[in-house]
Amino acid sequence: MVLKHMLEEPFIASHQTHDDLTTYLLSRIRRFELPDPSTWEAESERLRQRVLDEVVFRGAPASWRNGPCNIEHGDMIETGEGYRIGKLRYEALPGLWIPALLYQPAKPKDRMPAVLNVNGHVGPPGKGIDYKQLRCINLAKRGILALNPEWLYFGELQGEGYRHNRAGYLDLCGVAGVGVFFLAMQRGLDVLLAHEHTDPERLAVTGLSGGGWQTILLSALDTRVKLAAPNA
Numbered sequence: 001m002v003l004k005h006m007l008e009e010p011f012i013a014s015h016q017t018h019d020d021l022t023t024y025l026l027s028r029i030r031r032f033e034l035p036d037p038s039t040w041e042a043e044s045e046r047l048r049q050r051v052l053d054e055v056v057f058r059g060a061p062a063s064w065r066n067g068p069c070n071i072e073h074g075d076m077i078e079t080g081e082g083y084r085i086g087k088l089r090y091e092a093l094p095g096l097w098i099p100a101l102l103y104q105p106a107k108p109k110d111r112m113p114a115v116l117n118v119n120g121h122v123g124p125p126g127k128g129i130d131y132k133q134l135r136c137i138n139l140a141k142r143g144i145l146a147l148n149p150e151w152l153y154f155g156e157l158q159g160e161g162y163r164h165n166r167a168g169y170l171d172l173c174g175v176a177g178v179g180v181f182f183l184a185m186q187r188g189l190d191v192l193l194a195h196e197h198t199d200p201e202r203l204a205v206t207g208l209s210g211g212g213w214q215t216i217l218l219s220a221l222d223t224r225v226k227l228a229a230p231n232a
């Protein structure tokens, strides 16, 4: 009976294994030393360039990355309600044109903030989804340029070849498919910066859901973005 009682006594506390493991792991984590601002700026630029070179544009031809942003303007819709909408399309990469709407104040100022409004997974309506139109109208009425581009496989780009998972075929060929998505966003910034009234120091990007993902990615890798408001 004495032996049985002794064997039933706990050898270690119930939380001991957890505590020992926590102590060990914490001892293996190197203390994070905050760099001075200039050191971090240099490091962030190095990391940014590495991600662009080795991930986003891996295997991509130079004509994709360095080509011009061709823009074709269409009709202008005069709403008579303090804003107007310009129809346009821009070339994200050779042969891939992105339809877009540019919401503008009816009476533009010399230098205005500009916002790239990237789409999420909104289904067939694409850039015509009601809440996105309302957001862009609101911005334009407040004196802000608001670009509303179509996203691949939605709205006017619903063709089967624009399905997001089709980009994986490019990866099989040694070209990063994510580069297509990135250029579709980045060329949107080019469109805004090409507008005569855009203030380059007040350039922003925002988006919901998949648009939130695009906002995070673009603002992290393109330093022209001065303000990012992701809603993912």
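Numbering (the working numbering), first residue to last: 1 to 232. Think of the CB as a built atom: it goes at the ideal place given N, C-alpha and C, for glycine as much as any other residue.
> Can you list, in chain order, the residues of its chain whose CB lies under 8 angstroms from that of F94, leaving out five sequence neighbours each side?
Replying inline: Counting from 1 along the sequence shown, the entry for residue 94 is found at position 94. The amino acid at residue 94 is misidentified as Phe; the sequence shows Pro. Same-chain partners within the cutoff: S63, W64 and G67.
>> Please report the distance separating the alpha-carbon of G86 from that of T79.
In response: The residue you call residue 86 lines up with position 86 of the sequence shown. The residue you call residue 79 lines up with position 79 of the sequence shown. Distance between the alpha carbons of G86 and T79 is about 11 angstroms.
>> I'd like to confirm the pairing. Which residues does DSSP put opposite H73 in its beta bridges?
In response: Position 73 of the sequence shown, counted from the start, is the residue given in the question as residue 73. Beta-bridge pairing links H73 to L88.
> The alpha helix (DSSP H) spanning D110 covers which residue range?
Replying inline: Within the sequence shown, numbered from 1, the residue matching residue 110 stands at position 110. Counting along the chain, no alpha helix (DSSP H) covers D110, and no H or E run does either.
> When the Cα atoms are used, what is the spatial distance from I77 to L88?
Replying inline: Here the question's residue 77 lines up with position 77 in the sequence shown. Here the question's residue 88 lines up with position 88 in the sequence shown. So the alpha carbons of these two residues sit roughly 12 angstroms apart.
> If we count the other Cβ atoms within 10 Å of its Cβ and call it buried at 16 or more, is V308 buried or exposed?
Replying inline: A question about residue 308 goes unanswered here, because the residues of the chain that appear run from 1 up to 232.
>> Using a Cβ distance threshold of 8 angstroms, determine whether the stretch 101-119 contacts the stretch 163-179, with at least three qualifying pairs required.
In response: Segments in contact, no.
>> Can you look up T206 in the DSSP assignment and give me helix, strand or coil?
In response: Locating residue 206 in the sequence shown gives position 206, counting from the first residue. DSSP places T206 in strand when its eight states are reduced to three.
> Secondary structure at E150, three-state DSSP: helix, strand or coil?
Replying inline: Position 150 of the sequence shown, counted from the first residue, corresponds to residue 150. Reduced to three states, the DSSP call for E150 is coil.
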